[in-house]
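J.: Here the protein sequences line up with chains A and B, keeping their order. Numbered according to the numbering used here, the first sequence spans residues 8 to 121. Numbered according to the numbering used here, the second sequence spans residues 2 to 113. Even for Gly, the Cβ is constructed at its ideal location relative to N, Cα and C. My structure is below; once you've seen it, I'll send some questions.
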Amino acid sequence: NAGVTQTPKFQVLKTGQSMTLQCAQDMNHNSMYWYRQDPGMGLRLIYYSASEGTTDKGEVPNGYNVSRLNKREFSLRLESAAPSQTSVYFCASSELTATPGELFFGEGSRLTVL
Amino acid sequence: GENVEQHPSTLSVQEGDSAVIKCTYSDSASNYFPWYKQELGKRPQLIIDIRSNVGEKKDQRIAVTLNKTAKHFSLHITETQPEDSAVYFCAAGRNAGNMLTFGGGTRLMVKP
Chain A
8 NAGVTQTPKF QVLKTGQSMT LQCAQDMNHN SMYWYRQDPG MGLRLIYYSA
58 SEGTTDKGEV PNGYNVSRLN KREFSLRLES AAPSQTSVYF CASSELTATP
108 GELFFGEGSR LTVL
Chain B
2 GENVEQHPST LSVQEGDSAV IKCTYSDSAS NYFPWYKQEL GKRPQLIIDI
52 RSNVGEKKDQ RIAVTLNKTA KHFSLHITET QPEDSAVYFC AAGRNAGNML
102 TFGGGTRLMV KP
C-alpha cells in the first residue's frame, strides 16, 4: 500500500517547455487534488477532482491543466512553463466527496523553471 | 472565496514549554478545521482536526479550540519536544466542493 505516489520528484525546465506531473493513489479515494507550495504562502489549490470524471479550478489554476484519467490517477500539465511556476507541487487524495476530510499527500515534486 | 490567516509565522520555544498557533478564517460557512504538520523535506500530515459542532478537541499533548462566532481557531501543543519542530499549517473547509484553504504556515522551533 504505497498511498499517494507522484512523479517525477525533481524536474528542471526551460521557459516555454511543457511537462506533466503524474499522480496515482491506491486507497480507492474519490477526491484528488493538486497543490503548489511556495515559501510563506502555504499550500494553494491549483485544481481538484471531487470524483472520477469531474475537475474544478482551485485558487491558482492559470497556466495549468489537469486530467482525471481514472479513479486512481490525476495528472497536472504545464503547457508552457514560466519561472513563476517554480514551486513544490503536492498531489493529495481524500476519501470523502461531499464533505471535507483528511488529505493524504504525496512526497512532492520540486519543479524549477529557468 | 475563503481566506485563512495564520500567526505567528515563526515561533521559538524552550523544550517543555507550550506553543500556541492561531488562525482566522473569513467564510462563515466553513465547518472543518484541520491542522497539518510538515517536517523538513517531507509531506504534510494531519495531526488533528475539528468540525464546527464542537468547540475543543484534544489528542495527548495537542489540542485545537474553535470559536465560530469570532471565526478563529487555535492549535495548542503542551510539553513541547524537539521532535515537534516543524512547519504547521491550519486550514478551513466546507461542504459543497470539499476544498481546503490553507494558512501561510508557522515554523515552530523547539530548543533543547
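Put Pro90 of chain A into one of helix, strand or coil per three-state DSSP.
T.: Correct three-state label for Pro90 of chain A: helix.
J.: Output, in chain order, the set of chain A residues within a Cβ distance shorter than 9 angstroms of Asn96 of chain B.
T.: Per Cβ cutoff of 9 angstroms: Ala105, Thr106, Pro107.
J.: Looking at the structure shown, is Pro35 of chain B part of a helix, part of a strand, or coil, going by DSSP?
T.: DSSP places Pro35 of chain B in strand when its eight states are reduced to three.
J.: Taking Leu85 of chain A and Gly70 of chain A to be in contact with their CB atoms under 8 angstroms, please state how far apart those CB atoms are, rounded to whole angstroms.
T.: Yes, Leu85 of chain A and Gly70 of chain A are in contact; Cβ-Cβ is about 7 angstroms, under 8 angstroms.
J.: So does the stretch 49-63 of chain A actually touch the stretch 13-33 of chain A, counting three or more Cβ pairs closer than 8 angstroms?
T.: As far as the Cβ criterion goes, the stretch 49-63 of chain A does not touch the stretch 13-33 of chain A, which means the pair count is below three.
J.: Quick check: what's the CA-CA separation for Gly23 of chain A versus Ser82 of chain A?
T.: Approximately 19 angstroms between the Cα atoms of the pair.
J.: Taking Cβ positions only, does Glu59 of chain A come closer than 9 angstroms to chain B?
T.: So, not an interface residue.
J.: Name the two residues that bound the continuous beta strand (DSSP E) containing Gln119 of chain B.
T.: One cannot answer for residue 119 of chain B here, as it falls past the ends of chain B, which runs 2 to 113.
J.: Return the Cβ separation of Lys16 of chain A and Ser101 of chain A in integer angstroms, given the expectation that the two are a contact with Cβ distance under 8 angstroms.
T.: The pair is not a contact, with the Cβ atoms about 22 angstroms apart (cut-off 8 angstroms).
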